[in-house]
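Student:
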Amino acid sequence: MLRAMSIMNLSEPSHGDIGGERKNLTPCTIVIFGASGDLTARKLIPALYQLFKEKQMPADFRVVGFARREKTDASWRQELRTALDQFSRTKPVDDKVWLAFAEKLFYCQGDLTDDVAYKKLETQLTTFGSAPLRENLLFYLAISPSQFGEVVEQIHRSGLLNKEGVGWQRIVVEKPFGHDLASAQALNRELTRYAHEQQVYRIDHYLGKETVQNILMFRFSNSIFERLWNRESVDHVQITVSEKIGVGDRGGYYEEAGALRDMVQNHMLQVLSLIAMEPPVSLEAEAVRDEKVKLLKSIRELTPADVARQVVRGQYFAGSVGGQMRPGYRQEVKVNPDSNVETYVALKLLIDNWRWSGVPFYLRTGKNLPMSASEVRIQFRPTPNVLFAAQCGSHLDANALTLRLQPNEGISLRFNGKVPGTTIGVRPVRMHFSYDAEFGAYTPEAYERLLLEAIAGDATLFIRRDEVETAWQIADAIRTGWDGKPLTNREFYAAGTWGPIAADDLLAQLGHTWHEPQVIK
Ligand SMILES: NC(=O)c1ccc[n+]([C@@H]2O[C@H](COP(=O)([O-])OP(=O)(O)OC[C@H]3O[C@@H](n4cnc5c(N)ncnc54)[C@H](OP(=O)(O)O)[C@@H]3O)[C@@H](O)[C@H]2O)c1
Numbered sequence: 024m025l026r027a028m029s030i031m032n033l034s035e036p037s038h039g040d041i042g043g044e045r046k047n048l049t050p051c052t053i054v055i056f057g058a059s060g061d062l063t064a065r066k067l068i069p070a071l072y073q074l075f076k077e078k079q080m081p082a083d084f085r086v087v088g089f090a091r092r093e094k095t096d097a098s099w100r101q102e103l104r105t106a107l108d109q110f111s112r113t114k115p116v117d118d119k120v121w122l123a124f125a126e127k128l129f130y131c132q133g134d135l136t137d138d139v140a141y142k143k144l145e146t147q148l149t150t151f152g153s154a155p156l157r158e159n160l161l162f163y164l165a166i167s168p169s170q171f172g173e174v175v176e177q178i179h180r181s182g183l184l185n186k187e188g189v190g191w192q193r194i195v196v197e198k199p200f201g202h203d204l205a206s207a208q209a210l211n212r213e214l215t216r217y218a219h220e221q222q223v224y225r226i227d228h229y230l231g232k233e234t235v236q237n238i239l240m241f242r243f244s245n246s247i248f249e250r251l252w253n254r255e256s257v258d259h260v261q262i263t264v265s266e267k268i269g270v271g272d273r274g275g276y277y278e279e280a281g282a283l284r285d286m287v288q289n290h291m292l293q294v295l296s297l298i299a300m301e302p303p304v305s306l307e308a309e310a311v312r313d314e315k316v317k318l319l320k321s322i323r324e325l326t327p328a329d330v331a332r333q334v335v336r337g338q339y340f341a342g343s344v345g346g347q348m349r350p351g352y353r354q355e356v357k358v359n360p361d362s363n364v365e366t367y368v369a370l371k372l373l374i375d376n377w378r379w380s381g382v383p384f385y386l387r388t389g390k391n392l393p394m395s396a397s398e399v400r401i402q403f404r405p406t407p408n409v410l411f412a413a414q415c416g417s418h419l420d421a422n423a424l425t426l427r428l429q430p431n432e433g434i435s436l437r438f439n440g441k442v443p444g445t446t447i448g449v450r451p452v453r454m455h456f457s458y459d460a461e462f463g464a465y466t467p468e469a470y471e472r473l474l475l476e477a478i479a480g481d482a483t484l485f486i487r488r489d490e491v492e493t494a495w496q497i498a499d500a501i502r503t504g505w506d507g508k509p510l511t512n513r514e515f516y517a518a519g520t521w522g523p524i525a526a527d528d529l530l531a532q533l534g535h536t537w538h539e540p541q542v543i544k
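Residues in the sequence shown are numbered from 24 upward in steps of one, following this note's numbering.
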């Protein structure tokens, strides 16, 4: 058991200090393709409402929803209000704020493949009168990636998307961004045929999370840790993204994706690149993204033989999670009863650069694990244990720094302390910083931040073309190593456990063990 120590609060920030600098936002129209879908109702509209409520939206804006189903402005607004009652971050919904917000929502019915529908959209925009509302356009593609190319071509043909025109136009695209390198490259070609790369904003909602953004702040604004952030001091790094849920009713999707595509290729490699990248020359989008790409490119390539040694797949069989029985993956709806799709991945990556040479980075993610948590653990090298060996045995715990990304966001430092008393006893203790305790429970949804950044034209939190392609190269190499090989017995795990035995074997190669995410209250 660790003893928790609290950090003394050295300055009490006023609430205004927390939000940081406000962006200068120009009036614009947000056009959502896929306006009758799940993402719009659950994430996009609640995020826009919240931004409006907090007076963070531009002084003037409109939202136009585009989808196939027949709706009027009034019926779309009514549906969104019902959804907002369920999904808003701040409940109850403020009626006065909602009414003012709803006046800015308009529905444009049409088929994405139909030229006439884009004429209708253009006409709708002209009714807004002011030039910025017609010319500054954020196109949010909340649709299937197979439809991206069509939409981009159509908005270009109808004159709504200009490469060098008046105002600004940006395209936000959702994951999944391809299912391998070839499909991602094809998507990139489609998107950039009629738009500059700088106009394309690829979302990874992980980057919208406060704690993920805090990784850079933490690393580069604190001198004590950054000088330890290298092979001299760090023994290894563990990144865990565990999910308590199984695949549920998403079996069909998961059969095509698997944990590698669903989690590792995007979220986990993003976190890894922020943890391990070199300091950028500035906080400009290109400077930050240059460093992230450089880091991804310095990850040692995996041959099929490396994959066999360094990557573990897993799949859950029936078991109990938190006292509730869960079926095995192969018994889930829309899952092939002989499926070899992985619901768990653990891997060891090596980074061939000056800072990290020889330091293993372990990543693991899985479904139906005992708890939902995302954290990064920096495990420092042990001290030479000469002084306390007689009293404490051969093993003295090494220091560890844990960045908890969710839930209970915070940072913990683990070190050794003397057990009070007349004898010399050493025990690990923990110093913990909790976001909620320090700043109050102010946790904006990732989509709020990302929408605001896209409106402001700051692409730092979005994935660049070369970033997404490099990440797919890494995932594809793993998939090639797995090709045609069925799961082995050591790769199955009972739902409710921390994954297959093979994942423990992986760390045991270098005498390491997995550290389970801490239960933090
Ligand atoms: N839902 C999430 O939480 C989530 C999270 C991450 C990423 N994503 C990604 O975001 C995208 C949208 O997801 P979703 O869950 O919102 O999907 P969804 O609920 O199936 O919605 C799809 C939307 O696309 C519209 N649409 C489809 N074909 C059309 C056509 N030919 N013409 C006009 N509109 C058309 C649909 O309109 P009609 O039904 O009116 O035809 C509907 O509004 C997907 O790429 C998904 O992978 C979703």
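Beta carbons: idealized from backbone N, C-alpha and C, even for Gly.
Starting from the C-beta of Leu373, find all residues in its chain whose C-beta is less than 7 Å away, skip the five residues before and the five after it, and write them out in chain order.
Tutor: The residue you call residue 373 lines up with position 350 of the sequence shown. Correct list, in chain order: Arg323 and Pro383.
Student: What are the boundary residues of the beta strand (DSSP E) that His179 is part of?
Tutor: As a working note, residue 179 is residue 156 in the sequence shown. Careful: His179 lies outside any beta strand (DSSP E), inside the alpha helix (DSSP H) at Phe171 to Arg180.
Student: Bridge partners for Ser397 per DSSP, in chain order?
Tutor: Locating residue 397 in the sequence shown gives position 374, where the first residue counts as 1. Answer is Val264 and Gln429, bridged to Ser397.
Student: Tell me Met348's beta-bridge partners as DSSP assigns them.
Tutor: Walking along the sequence shown from the start, residue 348 turns up at place 325. Beta-bridge annotation (DSSP): Met348 is paired with Ser343.
Student: By the DSSP assignment, the alpha helix (DSSP H) with Leu442 in it spans what residues?
Tutor: Here residue 442 corresponds to residue number 419 of the sequence shown, with the count starting at 1. First, the amino acid is wrong: residue 442 is Val here, not Leu. Element bounds for Val442: n/a, residue is neither H nor E.
Student: According to DSSP, is Val189 helix, strand or coil?
Tutor: Indexing the sequence shown from 1 puts residue 189 at position 166. The answer is coil: DSSP assigns Val189 none of H, G, I, E or B.
Student: Tell me whether the beta-carbon of Phe456 lies closer than 8 Å to the beta-carbon of Ile434.
Tutor: Taking the sequence shown and counting its residues from 1, one reaches residue 456 at position 433. Taking the sequence shown and counting its residues from 1, one reaches residue 434 at position 411. Their beta carbons are under 8 Å apart, which means Phe456 touches Ile434 by this criterion.
Student: Buried or exposed: where does Ala469 fall if 16 or more other Cβ atoms within 10 Å of its Cβ makes it buried?
Tutor: As a working note, residue 469 is residue 446 in the sequence shown. Label assigned to Ala469: buried.
Student: Do Ile55 and Phe89 have their beta-carbon atoms positioned less than 8 Å apart in this structure?
Tutor: Walking along the sequence shown from the start, residue 89 turns up at place 66. Walking along the sequence shown from the start, residue 55 turns up at place 32. Yes, the pair counts as a contact, with Cβ atoms nearer than the cut-off.
Student: So is Gln347 buried or exposed if we call it buried at 16+ other beta carbons inside 10 Å?
Tutor: To locate residue 347, count along the sequence shown from 1; it is residue 324. Its Cβ having fewer than 16 others within 10 Å, Gln347 is exposed.
Student: Give the single residue among Ile268, Glu93, Val311 and Ile447 whose Cα lies nearest to the Cα of Cys415.
Tutor: Within the sequence shown, residue 415 is the residue found at index 392, counting from 1. For the residues Ile268, Glu93, Val311 and Ile447, the minimum Cα distance to Cys415 belongs to Ile447.
Student: Give me the residue from Arg284, Val257, Gly480 and Phe84 with the minimum Cα distance to Val23.
Tutor: Any answer about residue 23 is impossible in this case: the structure gives the chain only from 24 up to 544.
Student: CB-CB under 6 Å to Gly201, same chain, minus the five flanking residues each way: which ones, in chain order?
Tutor: As a working mapping, residue 201 is identified with position 178 in the sequence shown. Excluding sequence neighbours, Gly201 sits near Ala207 and Leu210.
Student: Near Tyr72, what residues of its chain come up, given a Cβ to Cβ distance below 8 Å and the 5 sequence neighbours on each side ignored?
Tutor: Counted from its first residue, the sequence shown places residue 72 at position 49. The answer, listed in chain order, is Leu107, Ser111, Val116, Val120, Trp121 and Phe124.
Student: Along the chain, where does the alpha helix (DSSP H) that runs through Leu210 open and close?
Tutor: For the purposes of this step, residue 210 is identified with residue 187 of the sequence shown, where counting begins at 1. Unbroken alpha helix (DSSP H) run through Leu210: Leu204 to Arg216.
Student: Secondary structure at Arg590, three-state DSSP: helix, strand or coil?
Tutor: Not covered by the structure: residue 590. The range shown for the chain is 24 to 544.
Student: What distance in whole Å lies between the Cβ atoms of Arg157 and Thr146, which are believed to be in contact at a cut-off of 8 Å?
Tutor: Position 123 of the sequence shown, counted from the start, is the residue given in the question as residue 146. Position 134 of the sequence shown, counted from the start, is the residue given in the question as residue 157. Actually they do not touch by this definition, with Cβ atoms about 11 Å apart.
Student: Any heavy atom of ligand 1 closer than 7 Å to the beta-carbon of Arg65?
Tutor: In the sequence shown, the residue the question calls residue 65 occupies position 42. Indeed, a heavy atom of ligand 1 lies less than 7 Å from the Cβ.
Student: Going by alpha carbons, who is nearest to His228 out of Lys317, Pro199, Glu213 and Val260?
Tutor: What you label residue 228 is simply residue 205 of the sequence shown in a count that begins at 1. Of Lys317, Pro199, Glu213 and Val260, the residue nearest in Cα terms is Pro199.
Student: Should Pro199 be counted as a contact of ligand 1 given a C-beta to heavy atom distance under 7 Å?
Tutor: Translated into positions along the sequence shown, residue 199 becomes position 176. Indeed, a heavy atom of ligand 1 lies less than 7 Å from the Cβ.
Student: Check whether the Cβ atoms of Val174 and Leu183 lie closer than 8 Å to each other.
Tutor: The residue you call residue 174 lines up with position 151 of the sequence shown. The residue you call residue 183 lines up with position 160 of the sequence shown. Not in contact: Val174 and Leu183 (Cβ atoms no closer than 8 Å).
Student: According to DSSP, simplified to helix, strand and coil, what is Leu529?
Tutor: Translated into positions along the sequence shown, residue 529 becomes position 506. Three-state result, Leu529: helix.
Student: Under a three-way DSSP split, which group does Asp285 fall into?
Tutor: Counted from its first residue, the sequence shown places residue 285 at position 262. In the structure shown, Asp285 sits in a helix (DSSP, three-state: H, G or I).
Student: Spell out a yes or no on whether the region 261-274 and the region 375-394 are touching, meaning 3 or more CB-CB pairs, one atom from each, closer than 8 Å.
Tutor: yes
Student: Quickly, what does DSSP pair Phe56 with across the bridge? List them, please.
Tutor: The count along the sequence shown starts at 1 and reaches residue 56 at position 33. Phe56 pairs with Phe89 and Leu164.
Student: Where do the ends of the alpha helix (DSSP H) carrying Val368 lie?
Tutor: Counting from one through the sequence shown, the residue named residue 368 turns up at place 345. Segment Tyr367 to Leu373 is the beta strand (DSSP E) holding Val368; no alpha helix (DSSP H) there.
Student: Would you check if the distance between the CB atom of Arg437 and the CB atom of Ala423 is smaller than 8 Å?
Tutor: Reading the sequence shown from its first residue, position 414 is the one you call residue 437. Reading the sequence shown from its first residue, position 400 is the one you call residue 423. Less than 8 Å separates the beta-carbon of Arg437 from that of Ala423.
Student: My guess is that Ala308 and Thr483 are in contact by the Cβ rule of under 8 Å, so how many angstroms apart are they, rounded?
Tutor: As a working note, residue 308 is residue 285 in the sequence shown. As a working note, residue 483 is residue 460 in the sequence shown. Correct: roughly 4 Å between the Cβ atoms.
Student: Buried or exposed for His290, please, with buried defined as at least 16 other CB atoms from any protein chain shown within 10 angstroms of its CB.
Tutor: Counting from one through the sequence shown, the residue named residue 290 turns up at place 267. Buried, because 16 or more other Cβ atoms sit within 10 Å of the Cβ of His290.
Student: Who are Arg336's beta bridge partners in DSSP?
Tutor: As a working mapping, residue 336 is identified with position 313 in the sequence shown. In DSSP, Arg336 forms a bridge with Val368.
Student: Can you give me the C-alpha to C-alpha distance between Glu255 and Trp377, rounded to a whole angstrom?
Tutor: The residue labelled residue 255 in the question sits at position 232 within the sequence shown. The residue labelled residue 377 in the question sits at position 354 within the sequence shown. Cα-Cα distance, rounded: 11 Å.
Student: When you compare each of Val409, Ile298 and Arg85 to Lys317 by their alpha carbons, which one comes out closest?
Tutor: For the purposes of this step, residue 317 is taken as residue 294 along the sequence shown, with counting starting at 1. The option with the nearest alpha carbon to Lys317 is Ile298.
Student: Write down the C-beta distance between Leu325 and Gly504 rounded to the nearest angstrom, noting that I regard them as a contact closer than 8 Å.
Tutor: Numbered from its first residue, the sequence shown carries residue 325 at position 302. Numbered from its first residue, the sequence shown carries residue 504 at position 481. Going by Cβ atoms, the distance from Leu325 to Gly504 rounds to 7 Å, so yes, they are a contact pair.
Student: Taking 8 Å as the threshold (C-beta atoms), are Phe243 and Val195 in contact?
Tutor: Translated into positions along the sequence shown, residue 195 becomes position 172. Translated into positions along the sequence shown, residue 243 becomes position 220. Not in contact: Val195 and Phe243 (Cβ atoms no closer than 8 Å).
Student: Between Lys267 and Ile238, what straight-line distance do the alpha-carbon atoms span, to the nearest angstrom?
Tutor: Translated into the one-based positions of the sequence shown, residue 267 becomes position 244. Translated into the one-based positions of the sequence shown, residue 238 becomes position 215. Going from the Cα of Lys267 to the Cα of Ile238 covers about 24 Å.
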